[in-house]
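Numbered per the working numbering, the sequence shown spans residues 7 to 84.
What follows is a set of notes on a single structure, which appears directly below.
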Amino acid sequence: MRPIIEFCLSNLASGTQKAMEELERDPNLDIIEYGCLGNCGSCAVTPFALVNGEYISGETNEELIENIYSYLEENPMF
7 MRPIIEFCLS NLASGTQKAM EELERDPNLD IIEYGCLGNC GSCAVTPFAL
57 VNGEYISGET NEELIENIYS YLEENPMF
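Structure (structure tokens):
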């Protein structure tokens, strides 16, 4: 079972598209995009994704990616 990374379509349009594309290159991750993840207040302000259902954000796409991998290291699925 691979970690699931979920992106909001509105947040992708605001700039996280590049982060998603980079994460899609990792064969150990499942990337899913949804129309809305219900975090509208955060969505308008900062790059974010849900990682196995947990809200992870960053000031930049690079920081978001770092935070996602850090979260996965600290919270292994097995």
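Ideal placement from N, C-alpha and C gives every residue a C-beta, glycine not left out.
query                                                                                                                                                 : result
What is the DSSP secondary structure of LEU18, reduced to helix, strand or coil?                                                                      : helix
Taking the beta strand (DSSP E) that LEU29 falls in, what are its first and last residues?                                                            : Here LEU29 belongs to no beta strand (DSSP E); instead the alpha helix (DSSP H) covers 23-30.
Can you give me the Cβ contacts of GLY41 inside the same chain, cut-off strictly under 6 Å, excluding the 5 residues immediately before and after it? : LEU15
Among the residues of its own chain, which have a CB less than 6 Å from the CB of ALA73, if the five just before and after it don't count?            : Per the sequence shown, the amino acid found at residue 73 is Asn instead of Ala. ILE62, GLY64, listed in sequence order.
According to DSSP, simplified to helix, strand and coil, what is GLU65?                                                                               : coil
Would you mind working out which of THR66, GLU27, GLY59, GLU69 sits nearest ASN81, comparing C-alpha positions?                                       : GLY59
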